[in-house]
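Residue numbers for the sequence shown follow my numbering, beginning at 34 and rising by one.
C-beta atoms are modelled at their ideal positions from N, C-alpha and C, and glycine is treated no differently.
To start, the structure itself, in structure tokens.
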Amino acid sequence: MINSRKLEDLHPVVERMCREFIAECRKQDIDILITSTYRDNESQNAIYAQGRTKAGPRVTNAKGGQSFHNYRCAFDFVPIVNGKADWTNTMTFRKCGDIAKQLGLEWAGDWVHFKELAHCQYTGGLKLADLQSGKQIA
């Protein structure tokens, strides 16, 4: 199973955008930790099982092959406050979301269904079906 936190495991365009995101957050005195980049289908299915067939809260609606993480186009993050991950600070997540959008990333905190404050992605205009059929970000 692969559930990576390495920026190098992202598509090169997304890796560059993620590095810019980290740098811009730092400029605004926000320390963040990247918690997930690329996931293989097995890891995605394990996360999907949470809150369904395994204990824990539901954190995704995407099975293996249905997540932009599976195509190296997405990353998750968490703000670090006083040396600890702060998953509850909505205001800081919103600031990070604004930074992400300014850099051309899609922030899942804006999604109507299943808002995900800790998720950003860049698909170059491609839809999930495009990536599933083998197309790649230019």
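C-beta atoms of residue i and residue j nearer than 8 Å
| i | j | result |
| --- | --- | --- |
| Ile67 | Leu40 | yes |
| Phe54 | Leu164 | no |
| Tyr71 | Arg105 | yes |
| Ser69 | Asp109 | yes |
Range of the contiguous alpha helix (DSSP H) that encloses residue i
| i | result |
| --- | --- |
| Asp64 | Where Asp64 is concerned, there is no enclosing alpha helix (DSSP H), although the beta strand (DSSP E) it sits in stretches over Asp64 to Ser69. |
| Gln77 | Asn74 to Ala82 |
| Met34 | That residue, Met34, is in no alpha helix (DSSP H); it is neither H nor E in DSSP. |
| Ala56 | Pro45 to Lys60 |
| Ala162 | Leu161 to Gln165 |
Which residues DSSP lists as bridging residue i, in chain order
| i | result |
| --- | --- |
| Cys153 | Phe108 and Trp140 |
| Asn94 | Note: Asn94 sits in no beta bridge, so no partner. |
| Lys87 | Gln83 |
Cβ-based neighbour list, residue i, same chain, cut-off 7 Å, excluding 5 preceding and 5 following
| i | result |
| --- | --- |
| Ala133 | Phe54, Trp140 and Cys153 |
| Trp120 | Val111 |
Neighbourhood of residue i by C-beta distance below 6 Å, restricted to the same chain and skipping five residues each side
| i | result |
| --- | --- |
| Ile113 | Asp64 and Leu66 |
| Asp73 | Ile35 |
| Leu159 | Lys168 |
| Leu150 | Phe126 and Gly142 |
Within-8 Å CB hit, residue i to chain C
| i | result |
| --- | --- |
| Gln83 | The structure shown contains no chain C; it is built from a single protein chain. |
Discussion item. Which complete beta strand (DSSP E) runs does the stretch 102-145 hold, if anything under 3 residues is left out?
Written reply: Correct list: 107-114.
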